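In the order they appear, the protein sequences are chains Y and A.
The first sequence lines up with residues 127 to 204 when you count with the numbering used here.
The second sequence lines up with residues 3 to 151 when you count with the numbering used here.
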Amino acid sequence: MLRITRRVGERIILGDNVIIEVTEIKGQSVRIGIEAPRSLPIYREEIWLDVKRENEAAARSAGEKLPDVSAQLKRTGQ
Amino acid sequence: MSLTIESSRFGRVEIDPETVVEFPDGLIGLGGSRYALLANDADSPFLWLHSIEDPTLALPVTNPHRFFSDFKVELTDDDGERLGLDDVTAVAVYVTVCASNVLDDFTVNLKAPILIWSGSGHQVINQAPGCELRARLFADAGREPEPAC
């Protein structure tokens with residue numbers, strides 16, 4: 127991993143159109159501003175990882191057949 | 003032009019072009035850019051989001067409104083702007099299903115629903131409070147119903 131030291135207000139440019147700026151440092155927290163093309167989704171890593179794991183679990187969870195749940199849907203009025 | 007996939011689950015499947023969904027950003031962490039929404043059983047609440055590029059990749063999905071009456075999706079302003087949903091009225095919402103041998107253990111991911119409109123799909127992070135990553139689909143009679151969003 128590339129490691130770069132920056133001060134508050136200094137920026138890093140990725141390619142020609144992604145800008146990352148350190149905007150504030152408070153104790154153990156660093157506030158970061160990101161300017162990126164609108165089409166680029168941006169995630170907090172822990173949320174991205176959670177969703178990736180859930181997607182993988184869903185893809186692994188079932189073979190070709192899913193159970194008939196019509197009785198459960200009726201029972202609970204769903 | 004007809005489209006056929008050799009699914010590892012379902013064998014040879016003829017894909018109706020109407021069911022193809024383009025995911026410009028893929029599914030989160032899984033990628034892929036083209037999936038088909040397969041309804042193998044018209045009576046079942048479960049559908050399959052089947053990759054067209056990877057014959058082994060398919061996720062069961064369902065309409066969350068069928069199970070969680072107060073479910074809603076809230077996006078960050080950035081996501082709302084990125085997806086340009088303001089002018090879109092007909093958005094289909096699905097959530098991924100994690101199946102299990104026991105119905106009570108079926109869960110759905112209310113935190114990252116999949117929005118589909120005009121043949122285009124996006125998996126988004128739901129900002130509505132209380133949306134769980136693993137919400138039980140069939141809260142049984144003895145248990146309090148799961149709070150949805």
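The beta carbon of each residue, even a glycine, is placed where N, CA and C say it ideally should be.
Computed from a predicted structure; not experimentally measured.
Buried versus exposed call for residue i [16 or more other C-beta atoms within 10 Å across all chains shown]
i	result
L40(A)	buried
V110(A)	buried
T58(A)	exposed
P167(Y)	buried
V104(A)	exposed
Own chain partners of residue i with C-beta closer than 6 Å, once the 5 adjacent residues on each side are dropped
i	result
G144(A)	Legend: pLDDT at G144(A) = 43, less than 50; position of this residue unreliable, no value from coordinates given.
E134(A)	L112
T21(A)	A38 and L39
Residue closest to residue i, alpha-carbon to alpha-carbon, out of the options
i	options	result
E180(Y)	G132(A), F108(A), I118(A) and Q129(A)	F108(A)
D142(Y)	E161(Y), D194(Y) and R170(Y)	E161(Y)
R138(A)	T64(A), S46(A) and D18(A)	T64(A)
E24(A)	D18(A), R11(A), G34(A) and I17(A)	G34(A)
V144(Y)	S187(Y), Q154(Y), R164(Y) and I130(Y)	R164(Y)
F69(A)	S102(A), E16(A) and P47(A)	P47(A)
Y37(A)	F73(A), I118(A), R84(A) and G13(A)	I118(A)
A92(A)	D80(A), I54(A), S120(A) and D79(A)	S120(A)
R136(A)	P66(A), E55(A), D72(A) and S122(A)	P66(A)
V99(A)	E172(Y), I158(Y), A184(Y) and V156(Y)	A184(Y)
P131(A)	N42(A), I54(A), W50(A) and E76(A)	E76(A)
V97(A)	D81(A), W50(A), R84(A) and E83(A)	W50(A)
D45(A)	R133(Y), R132(Y), L128(Y) and Q198(Y)	Q198(Y)
Counterpart residues of residue i in DSSP-defined beta bridges
i	result
R157(Y)	E150(Y)
Q125(A)	I116(A)
T58(A)	DSSP output for T58(A) lists no bridge partner at all.
Whole-Å CB distance - residue i paired with residue j, under 8 Å assumed
i	j	result
N128(A)	A114(A)	7 Å
K178(Y)	G31(A)	2 Å
S9(A)	H52(A)	6 Å
D81(A)	V126(A)	6 Å
Beta-carbon proximity list for residue i, same chain, < 8 Å, skipping 5 on both sides
i	result
G135(Y)	E147, V148 and T149
T6(A)	R14, V15, E16 and I17
D56(A)	G34
I130(Y)	I138
Cut-off 7 Å between Cβ atoms - residues of its own chain near residue i, not counting five sequence neighbours on either side
i	result
D27(A)	H124
V156(Y)	V148
Neighbour flag for residue i against chain D, beta carbons, 8 Å
i	result
D72(A)	Of the protein chains in this structure, namely Y and A, none is chain D.
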